[in-house]
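Accompanying notes for the structure given below.
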Amino acid sequence: MLQDKIRAIAHSVYEDRNTSGQESGLLGGHAGTALFFAYLTIADPEGPYEQITREYLEKMSEALANQQLPHHLSMGIAGIAFVFQHLRNIGLLNSSEDIGLEALDESIINGGQKDFTSGNWDPLHGLVGLGIYFLERYKETGERKYLERIVDQLNALAVSEKGSKAWVTPGFRHYNGDNYNFGMAHGMPGLLSFLAGVYTLGIRRTVIEELIPSCCAFLLAHQDKSECYGFPLSIELKPELRSLPSRHGWCYGDLGMALALIHCGKALSREDWMERGTAIALKTTHIPFEATRCGDASFCHGSIGLVHQYDRLYRSTQDTRFKTAADKWLAITQERYYQPDNYPGGYAHLKYDEATRSYVHVPSYGLLEGIAGIGLVLLSCDDAIPPDWDIIFQTNV
């Protein structure tokens, strides 16, 4: 049954390939779609997916040559470069099929200087996201200088808060002010997970040995005894601004804290962090559906992101409680959100409409919020293929 859904998703994504406005980036465009079809190629080498993957790679190459793209991982050059490098790393492309990654490296790190100047260290749209690309690049090149530079910039951006190191997330339009962000997508768990990945390579260990324990202490000091959530979404720097209630997803929620602690515990050989992270993750398995704020099947904040995180935790710990949680959320994905007669590929994205100030379900095809991401997770559930693509989401415990 999963294979039928995956094929239907693949068909719908491919049908949308020429839609006007389709962008080239990783999270919502051709680069993320190429990643989906690349893993379909591994699962079904006799199918049409290798040729489709190459069609998307060609679109990405054309975008690099002809468009003025931002440098970010999420929607820009770093995300496109990540896909080419990742496909080389998993053996679907060879090093002779080069799009000029060395030149792109310089363009990306120069863009990172702008992020540093503006204080943009965001795991998806800023310095940490660029670092995730360079972690993938390192697997082939062994190049340290870009990762060293990003760690040094992150160190310089850290602030002291009650004796601990922390990072301030700049305010976003009218939604929030400057805050201490506790989410994996835009907050300190994503930054810590990146630093842990760099530490395992033996890069800037002295600096990271100071930053990680200090920031972990700051985050853990804000854990409370709530029966539902242990951590806030964020802490606003201006007390008059109201912090939003927590949620259960990939982008925000206690699972991000759990994964960051496990990443850091593995890297720095801290069993106490690993145990605490596992305990936090297990507690999330008891969050009632009504309290999750889960409104669709997307990876970002929907059910399939929960499936993937619990599946990763099960693979890592072999604790069957995580397998039970993954199966539960897979059933929710199938039974609550699958509407094949209403939406391409059977799933819709719950999107906030600024004009009506309400949430509406809309078709979405990308990796982060659309059916390509859903298909990629379903594929990893149904096949014995390591989901190595998930370094971009730092769920790779």
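Numbered according to the numbering used here, the sequence shown spans residues 232 to 628. Virtual Cβ for every residue (Gly too), placed ideally from N, Cα, C. Computed from a predicted structure; not experimentally measured.
Check this for me: beta carbons of residue i and residue j, under 9 Å apart or not?
i      : j      : result
LEU355 : HIS417 : yes
GLY604 : ALA239 : no
ILE443 : LEU499 : yes
GLY310 : ILE623 : yes
ALA509 : LEU544 : What sits at residue 509 in the sequence shown is Thr, not Ala. Yes.
ALA387 : PHE347 : yes
ASP558 : LEU513 : no
GLU374 : ASN320 : no
Could you check the C-alpha separation between residue i and residue j for me, to the nearest Å?
i      : j      : result
ASN573 : GLY461 : 37 Å
TYR590 : LYS582 : 5 Å
GLY350 : THR515 : 32 Å
LEU450 : TYR280 : 43 Å
VAL706 : SER457 : Coverage of the chain is limited to positions 232 through 628, which leaves residue 706 absent and any answer about it impossible.
MET232 : ILE339 : 41 Å
ALA448 : LEU561 : 34 Å
TYR377 : GLY343 : 10 Å
THR272 : GLN454 : 43 Å
LEU492 : MET505 : 6 Å
CYS459 : SER474 : 17 Å
LEU537 : SER547 : 15 Å
ASP247 : PRO617 : 27 Å
GLY394 : ASN627 : 30 Å
THR431 : GLU585 : 43 Å
Quick one: measure Cβ to Cβ for residue i and residue j, integer angstroms, because I've assumed they're closer than 8 Å.
i      : j      : result
TRP620 : LEU607 : 7 Å
TYR483 : GLY414 : 4 Å
GLN384 : LEU358 : 6 Å
LEU335 : VAL399 : Between VAL399 and LEU335 the Cβ distance is about 30 Å, and since that is not below 8 Å, they are no contact.
TYR541 : ALA556 : 4 Å
GLU254 : MET306 : 6 Å
HIS494 : ALA427 : 4 Å
ILE381 : LEU304 : Contact flag wrong, Cβ pair sits at about 12 Å.
PHE425 : GLN625 : 7 Å
ILE434 : GLU379 : 6 Å
GLY260 : GLY597 : 6 Å
Starting from the N-terminal side, write out each stretch of the alpha helix (DSSP H) that is 4 residues or longer and does not extend beyond the region 428–475.
-> 436–451
Considering only residues of the region 307–358, which uninterrupted alpha helix (DSSP H) runs meet the minimum length of 4 residues and lie entirely inside it, listed in chain order?
-> 308–320, 332–349
Using 8 Å as the Cβ pair cut-off and three pairs as the minimum, do the region 463–470 and the region 521–533 touch?
-> no
Scan the region 555–601 and note each continuous alpha helix (DSSP H) run of 4 residues or more that stays entirely inside, going in chain order.
-> none
Could you tell me which uninterrupted alpha helix (DSSP H) segments, each at least 4 residues in length, are contained entirely in the region 480–518, listed from first to last along the chain?
-> 485–499, 502–515
Does the pairing of the region 314–328 with the region 260–271 give three or more beta-carbon distances under 8 Å?
-> yes
Counting only runs of 3+ residues fully inside the region 234–305, write out the beta strand (DSSP E) ranges in chain order.
-> none
Which parts of the region 355–391 are runs of the beta strand (DSSP E), unbroken and 3 residues or longer, counting only runs that do not cross its ends?
-> none
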